[in-house]
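Each remark here refers to the structure printed beneath this line.
Number of protein chains: 2
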Amino acid sequence: MNTKEVLLSILMRGPATGYDIKKTLETRIANILDVSVSNLYPALNELASEGLVTCQRVEQDSRPAKKIYELTETGRESCIAALMSGEPRHRIRSEFWFILAYAPFLPKERIRQLVDQRLAEICESFERINEIRRTDGDEGNHEGQSFVLGLASAICEGERAYIEQYREMLLKNIPEQAGAPRGTVEGLMA
Amino acid sequence: MNTKEVLLSILMRGPATGYDIKKTLETRIANILDVSVSNLYPALNELASEGLVTCQRVEQDSRPAKKIYELTETGRESCIAALMSGEPRHRIRSEFWFILAYAPFLPKERIRQLVDQRLAEICESFERINEIRRTDGDEGNHEGQSFVLGLASAICEGERAYIEQYREMLLKNIPEQAGAPRGTVEGLMA
DNA sequence: CGTTCCATGTAATAAGTTACATGATTAA
DNA sequence: TTAATCATGTAACTTATTACATGGAACG
Chain A
30 MNTKEVLLSI LMRGPATGYD IKKTLETRIA NILDVSVSNL YPALNELASE GLVTCQRVEQ
90 DSRPAKKIYE LTETGRESCI AALMSGEPRH RIRSEFWFIL AYAPFLPKER IRQLVDQRLA
150 EICESFERIN EIRRTDGDEG NHEGQSFVLG LASAICEGER AYIEQYREML LKNIPEQAGA
210 PRGTVEGLMA
Chain B
30 MNTKEVLLSI LMRGPATGYD IKKTLETRIA NILDVSVSNL YPALNELASE GLVTCQRVEQ
90 DSRPAKKIYE LTETGRESCI AALMSGEPRH RIRSEFWFIL AYAPFLPKER IRQLVDQRLA
150 EICESFERIN EIRRTDGDEG NHEGQSFVLG LASAICEGER AYIEQYREML LKNIPEQAGA
210 PRGTVEGLMA
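Each protein sequence line maps, in turn, to chains A and B. Add 29 to the 1-based position in the first sequence for the working numbering, that's all there is to it. Add 29 to the 1-based position in the second sequence for the working numbering, that's all there is to it.
Put into structure tokens, the structure is as follows:
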């Protein structure tokens, strides 16, 4: 599943400008699927030249001109075909978790800083998600959307609760100064 | 944080062969940080030519020769320096969640299939994590390791519970046949 | 007077993915 | 006999990241 398929899926909900899509990627989708925004405009132009979307330029006064992208019938079919085949992957890439697991040789102060930073990040996404849920509450027609927002929210809450519960225990077991590693990878694999 | 820094961090726990590291990436680390394994051997060779690790070739009978990589003092310092600076990112890339949120226009049968597939995946990682925790239980010296495994396990359990609780509600709201999209992105952003 | 919002892009480089390539041993 | 484990890599291709580039309007 690549950027173009993501864009087509978003456009299934209706026409939008690049900027609209960018906002959607940064607010709604960031909690769910981290996509590179910088590739947005080139990708939209490619979709247009492939005939999967149409592009209509609209002049505005006292604002830059915008381009409204809309799915063509081919684009709609192409999107559905892509989402019907292929198995979706669920990937986590948490440098934070990795460091906690694989770098207990760092000074305690650094670990403490990382934990607090992560807690702050979780609170941020938690509030971002709940803000969206509050907004969506008015309109009733977001089957999958509200399911997934609830899911993301539940996971944020779970991570927060776990960290707060075991935070002190983790820090207690780390020496104040940077320590030496112990054991070998072979030992760990045994 | 790139592949090389991940490799250095793993080698902080002791010398290992490429294959050892590969196994570690696939079992322990896969739940935490999804890294490309294919880049492993080239990256190890680059680390060796940069003087951050040493490489010792060991012949074996009735097995292919292996190469044991070990951190140099420079490599150790370089690893700590990298992990002390830079802010770790926590990214989720779930095509599964995205499809549920942005593609309720897919046929119900496909959604059902995706949900069941995800549930099976969660069970797998849950068991993989618990297997590792059981193994680690014997040795006592994995401060961060057990913290993070507990965290990953708690999140798996949270996701599983949420999906099982709301699964039927989600499916009930999706029409049997592929439906039309409604609303616009602008509407959703309001 | 500085920052955020709107609105669009390009270019260079770094990284990740997929497929290819080999080959003996051991357990089901 | 089929698959999995051990053990290493290369090459081509597709993505992602980072930095650059512009410019007016609105808000505090």
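Note that CB positions come from ideal geometry on N, CA and C, so glycine has one too. As the structure is a prediction and not an experimental result, all values here were calculated from the model.
Residue i (DSSP reduced to helix, strand or coil)
i: Ile97/B; result: strand
i: Leu199/B; result: helix
Status (buried if at least 16 other CB within 10 Å, exposed otherwise) for residue i
i: Arg147/B; result: buried
i: Glu124/B; result: buried
i: Asp49/B; result: buried
i: Arg118/A; result: exposed
i: Arg57/A; result: buried
i: Val87/A; result: exposed
i: Ser182/B; result: buried
i: Thr103/B; result: exposed
i: Cys152/B; result: exposed
i: Asn159/A; result: exposed
i: Gly80/B; result: exposed
i: Asn60/A; result: buried
i: Glu188/B; result: buried
i: Met113/A; result: exposed
i: Ala190/B; result: exposed
i: Met41/B; result: buried
i: Ser38/B; result: buried
Same chain, Cβ closer than 7 Å to residue i, neighbours up to 5 away in sequence not counted
i: Tyr70/B; result: Gly47
i: Asp165/B; result: His171, Gln174 and Ser175
i: Leu36/B; result: Ile50, Ala72, Leu73 and Leu76
i: Leu221/A; result: Outside the displayed span of chain A (30 to 219) sits residue 221/A, for which this structure offers no information.
i: Ile203/A; result: Pro133, Lys137 and Ile140
i: Ala94/A; result: Arg86, Val87 and Glu88
Neighbourhood of residue i by C-beta distance below 8 Å, restricted to the same chain and skipping five residues each side
i: Leu200/B; result: Lys137, Ile140, Arg141 and Val144
i: Gly179/B; result: Arg162
i: Glu186/A; result: Phe155
Contacting residues, own chain, Cβ-Cβ under 6 Å from residue i (five flanking each side not counted)
i: Ala111/B; result: Glu34
i: Asn68/A; result: Thr32
query: Which parts of the stretch 74-157 of chain A are runs of the beta strand (DSSP E), unbroken and 3 residues or longer, counting only runs that do not cross its ends?
result: 82-87, 95-100 and 119-123
task: Return the residues of the stretch 117-133 of chain A that lie within a Cβ-Cβ distance of less than 9 Å from chain B, sorted by chain order.
output: Pro117, Arg118, His119, Arg120, Ile121, Arg122, Ser123, Glu124, Phe125, Trp126, Phe127, Ile128, Leu129, Ala130, Tyr131, Ala132 and Pro133
task: Please name the residues in the stretch 74-91 of chain B whose beta-carbon is closer than 8 Å to at least one beta-carbon of chain A, in chain order.
output: none
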